[in-house]
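This note's numbering numbers the first residue of the sequence shown as 453 and each following residue consecutively. Beta carbons: idealized from backbone N, C-alpha and C, even for Gly. First comes the structure, then the notes that go with it.
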Amino acid sequence: MRPTELVYSSHDRCEYLHGHWIVERALEGPDNRTIFYLPCSSPSRGDQEYSWGTFRPYFERFRERGLEARHFYWSEDLRREDVELFFRWLEESRVVILGGGMTTTGLERYADFGRRLGDPERFVRVLRERQARGLYNVGFSAGADQLCEWSCDGGVRCLGLIERVIVQLHYGMEHAERVARLARSYPDCYVFGLPNDSGIAVTQGRTPSGGRWQFIQFVTDESWDRPEDQWHIKTRHGMRIEYRGPDGRDWRFNGGDVLLRFLRDGDPRGEAFVAGPHYPGYVDLHTGDPVGTSDLRRLIEAR
């Protein structure tokens, strides 16, 4: 399954997430090897420049392989031709990254880009068109929050490209009660705690009967080994991606695990199956019982 979205939490530019899961995706193209980084969720111009500066040196390592890394700063005095360029890059770039900062600041500014051309919904519509074309939408920190259904801060409706999912970024045990509260407040959403450095890569589609499925790949990264940063890299301390359900059920996912979920209106829990290197095929998320197959497509085609 080829993901169209990746949302992740990291302390710095860890190699596995940023190299394998982001840059290599951009380098697949024979003539379009572009990454478009959006620091617009950072409040001030200086903050936006700082945000881009935390990614730029990493991307420059791949320039000899043809990577073209673009960025765009939001400002109040953008000209119409600036906004048109923004949307052209948004439409055509092989990888788009929504950067960190403040969730609501970014959402307001992304709507503002479209509003300047008479269409405040244009930003999210272009992202959905990218999704349908198989292009890659990535969210880091606040950007990860924005690509999901609701903000982990609660009460803020986000872009919803990853349907019925909420992520708690930079997850630690101090966030456990917040994750449990989100699961109770949004029973139709799956709530995941993403510690540094980890993420989820998501593919979504339709079953033969017209229902919706969602395939989630869990990614953990322990590659960042700077000694002074070790406290921040929770995956190096054994922390895994945490799932919490509205009934209090929890599950901890390792890197390499996958989750196949079927979304049905009026059925908040829905069917969901887990697999991974340490599972004997797919296992029912809700009961823990094996379902007798390791064939993903067979599970989808049966529904």
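For E674, same chain residues with a beta-carbon under 6 Å away, outside a window of 5 residues either side, are T687 and R688 in chain order.
Shown here, R716 sits in a strand according to DSSP, grouped into three states. Taking one beta carbon from each stretch, the stretch 653-661 and the stretch 689-709 have fewer than 3 pairs nearer than 8 Å; the two do not touch. Looking at the DSSP output, G657 bridges to W665.
By the criterion of at least three beta-carbon pairs nearer than 8 Å, the stretch 512-528 is not in contact with the stretch 608-616. By the Cβ-count criterion, D741 is exposed, with fewer than 16 other Cβ atoms from all chains shown falling within 10 Å of its own Cβ.
Between S461 and L550, the alpha-carbon positions lie close to 12 Å from each other. Residues of the same chain with a CB within less than 7 Å of the CB of Y510, apart from the 5 flanking positions on each side, are R465 and H470 in chain order. Y562 sits buried, since 16 or more C-beta atoms from the chains shown fall within 10 Å of its C-beta.
Per DSSP, A563 is one residue of the alpha helix (DSSP H) stretching across T555 to R567.
E601 counts as buried, since at least 16 other C-beta atoms from the protein chains shown sit within 10 angstroms of its C-beta. Assigned with DSSP and collapsed to three states, P491 falls in coil, not helix or strand. Per DSSP, Y695 lies in no alpha helix (DSSP H) segment; the continuous beta strand (DSSP E) that holds it begins and ends at I693 to R696. DSSP places L587 in the coil class of the three-state scheme, outside both helix and strand. Listed as beta-bridge partners of F644 by DSSP are V619 and Y695.
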